[in-house]
């Protein structure tokens with residue numbers, strides 16, 4: 135496929151929570167997309183929270199390298215000199231458009247903006263009040279119809295048929311459309327009309343199976359189903375306009391689900407993300423790719439597909455060769471590890487880590503809870519069910535053997551039998567931090583805590599963080 139249109143759909147806090155990834159929730163449209171296209175089964179993000187991860191998708195860099203060490207609306211921003219995906223595609227003649235939700239800023243430190251919109255490199259911005267799936271889908275389909283009508287007008291002006299048949303709506307300029315949904319961010323209460331029965335909503339095995347937790351997941355199911363319906367509406371719009379034959383369709387999300395031990399943690403449940411691609415002749419056939427990949431790899435992949443040069447110094451690596459040879463992917467290796475990090479979310483909870491084919495190493499650089507719960511999770515039904523056990527003090531280091539302990543329940547960092555593995559991964563993280571000038575090497579990173587935490591502190595439900603903010607030795 136030569137310089138296709140690119141339609142990137144991204145949802146909020148969804149992880150891999152959909153039917154095509156084995157979850158018990160009805161997602162027929164995403165399932166169909168995966169059945170037609172290519173599903174990536176070990177695709178992760180480097181940061182288990184919104185803005186830093188989305189910044190990595192846009193820049194091909196790990197968060198502390200692109201500069202967004204926390205949430206956009208709490209003052210963090212991408213460095214002004216960093217290349218962004220819409221800007222680089224624009225240099226290649228792509229028309230870039232942002233539709234709906236975005237949570238990245240650039241060159242706007244200390245702002246309270248949710249998105250920099252045009253400054254990120256988008257040529258056109260189509261805001262959608264509330265960013266809910268049905269409204270975003272409606273606006274996206276309208277955009278697709280505009281593109282198809284423009285193509286028909288060009289054909290008519292050039293003496294071609296005035297109304298094209300399916301597949302004929304090619305563009306003078308290909309487009310890159312980033313389509314952002316609010317779903318599946320908390321709270322889920324507005325999706326009660328689509329919620330499943332609690333008995334049909336079992337939690338994952340890393341959470342307790344209680345009535346309250348099942349009720350929480352039942353509401354998540356409602357949000358996931360609304361997301362899926364929006365995706366289906368957009369896919370139908372592509373078919374009706376004929377743009378499906380010339381468009382690479384991408385569905386992904388920013389990080390794991392908004393539940394305890396997922397979002398806000400460096401566990402696989404926090405870092406796992408869905409990635410489904412479909413394009414005739416390029417990404418099709420219902421293949422499942424099992425390569426270990428990271429979302430920093432998406433930008434260079436799309437730039438290579440568009441024939442664009444790659445900016446210098448990217449952390450990401452193009453997986454286009456895997457996509458073009460998905461049936462023989464074992465002959466191609468893109469990466470055997472990726473680094474992971476958290477600095478600020480709605481609280482300061484700095485961690486650094488590495489995820490290899492077999493092991494996970496996590497370094498906790500501040501005293502804090504054993505499992506950090508972002509505020510929306512802390513206040514949720516699931517959060518209430520686990521606070522007592524999760525709000526014990528953390529440890530300096532964690533090491534997990536993912537082959538024999540995929541739920542990351544048994545920390546091997548104190549086991550002499552794993553001392554060599556621990557030392558190796560510790561050194562790799564330290565070398566990475568030093569090589570990239572990680573700001574944590576200079577001490578605590580300044581930021582702003584979400585003011586809503588104060589109520590939790592006052593009522594005694596929050597973990598009692600140290601008042602002086604003293605960090606552990608970052609060169610541990």
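In the working numbering, the protein residues as written are 135 to 610. Built from N, CA and C at the ideal position, the CB exists for glycine as well. Here the structure is a predicted model, which is why all the values come from computation and not from measurement.
Span separating the alpha-carbon of residue i from that of residue j
{"i": "residue 527", "j": "residue 498", "result": "11 Å"}
{"i": "residue 371", "j": "residue 281", "result": "11 Å"}
{"i": "residue 238", "j": "residue 190", "result": "10 Å"}
{"i": "residue 565", "j": "residue 489", "result": "15 Å"}
{"i": "residue 546", "j": "residue 557", "result": "12 Å"}
{"i": "residue 458", "j": "residue 416", "result": "6 Å"}
{"i": "residue 263", "j": "residue 147", "result": "19 Å"}
{"i": "residue 522", "j": "residue 504", "result": "11 Å"}
{"i": "residue 171", "j": "residue 463", "result": "15 Å"}
{"i": "residue 332", "j": "residue 402", "result": "25 Å"}
{"i": "residue 375", "j": "residue 287", "result": "14 Å"}
{"i": "residue 212", "j": "residue 397", "result": "21 Å"}
{"i": "residue 285", "j": "residue 306", "result": "7 Å"}
{"i": "residue 578", "j": "residue 161", "result": "42 Å"}
{"i": "residue 149", "j": "residue 419", "result": "23 Å"}
{"i": "residue 141", "j": "residue 227", "result": "16 Å"}
{"i": "residue 472", "j": "residue 551", "result": "24 Å"}
{"i": "residue 380", "j": "residue 139", "result": "6 Å"}
{"i": "residue 96", "j": "residue 259", "result": "Because the chain in this structure spans residues 135 to 610, residue 96 falls outside the shown range and cannot be described."}
{"i": "residue 467", "j": "residue 425", "result": "7 Å"}
{"i": "residue 630", "j": "residue 169", "result": "Outside the displayed range of the chain (135 to 610) lies residue 630, so it cannot be described from this structure."}
{"i": "residue 321", "j": "residue 437", "result": "35 Å"}
{"i": "residue 344", "j": "residue 524", "result": "16 Å"}
{"i": "residue 301", "j": "residue 223", "result": "Note that residue 301 scores a pLDDT of 46, beneath 50, so its modelled location is shaky; the value from the coordinates is reported in the next line. Approximately 23 Å, taken between the alpha carbons."}
{"i": "residue 567", "j": "residue 575", "result": "7 Å"}
{"i": "residue 592", "j": "residue 598", "result": "11 Å"}
{"i": "residue 559", "j": "residue 553", "result": "10 Å"}
Residues of its chain near residue i, where Cβ-Cβ distance is below 8 Å and the 5 sequence neighbours each way are ignored
{"i": "residue 163", "result": "362, 363, 365, 366, 369"}
{"i": "residue 218", "result": "192, 193, 212, 240, 254, 255"}
{"i": "residue 563", "result": "473, 486, 487, 488, 495, 497"}
Terminal residues of the alpha helix (DSSP H) in which residue i lies
{"i": "residue 524", "result": "515-524"}
{"i": "residue 189", "result": "184-193"}
{"i": "residue 207", "result": "Per DSSP, residue 207 belongs to no alpha helix (DSSP H) and is neither H nor E."}
{"i": "residue 590", "result": "587-592"}
{"i": "residue 286", "result": "267-291"}
{"i": "residue 367", "result": "345-375"}
Sequence-distant residues of the same chain with beta carbon closer than 6 Å to residue i, five excluded per side
{"i": "residue 450", "result": "194, 430, 431, 433, 434"}
{"i": "residue 480", "result": "508, 509, 584"}
{"i": "residue 422", "result": "173, 175"}
{"i": "residue 216", "result": "193, 200"}
Span of the beta strand (DSSP E), counted from its first residue to its last, around residue i
{"i": "residue 163", "result": "From DSSP, residue 163 is part of no beta strand (DSSP E) but of the alpha helix (DSSP H) over 162-170."}
{"i": "residue 234", "result": "229-234"}
{"i": "residue 314", "result": "309-314"}
{"i": "residue 421", "result": "421-423"}
{"i": "residue 258", "result": "258-260"}
Contacts around residue i, its chain only, beta-carbon distance under 7 Å, and the 5 residues preceding and following it disregarded
{"i": "residue 221", "result": "255"}
{"i": "residue 326", "result": "353, 356"}
{"i": "residue 586", "result": "509"}
{"i": "residue 265", "result": "234, 235, 314, 315, 316"}
{"i": "residue 409", "result": "174, 177, 386"}
Closest Cα partner of residue i within the set the options
{"i": "residue 182", "options": "223, 483, 273, 466", "result": "483"}
{"i": "residue 137", "options": "441, 600, 598", "result": "441"}
{"i": "residue 582", "options": "143, 139, 478, 393", "result": "478"}
{"i": "residue 501", "options": "228, 531, 519", "result": "531"}
{"i": "residue 334", "options": "232, 157, 360", "result": "157"}
{"i": "residue 540", "options": "496, 377, 339", "result": "339"}
{"i": "residue 549", "options": "533, 543, 560, 562", "result": "533"}
{"i": "residue 470", "options": "485, 492, 456", "result": "492"}
{"i": "residue 166", "options": "385, 185, 187, 248", "result": "385"}
{"i": "residue 230", "options": "249, 270, 311, 512", "result": "311"}
{"i": "residue 404", "options": "412, 411, 391", "result": "391"}
{"i": "residue 516", "options": "245, 506, 393", "result": "393"}
Residue i beta carbon near the ligand FAD (any heavy atom closer than 7 Å)
{"i": "residue 359", "result": "This structure does not include the ligand FAD; it has no bound ligands of any sort."}
Per DSSP, the bridge partner or partners of residue i
{"i": "residue 535", "result": "493"}
{"i": "residue 454", "result": "Answer is none; residue 454 lacks a bridge partner."}
{"i": "residue 527", "result": "503"}
{"i": "residue 471", "result": "490"}
{"i": "residue 145", "result": "387"}
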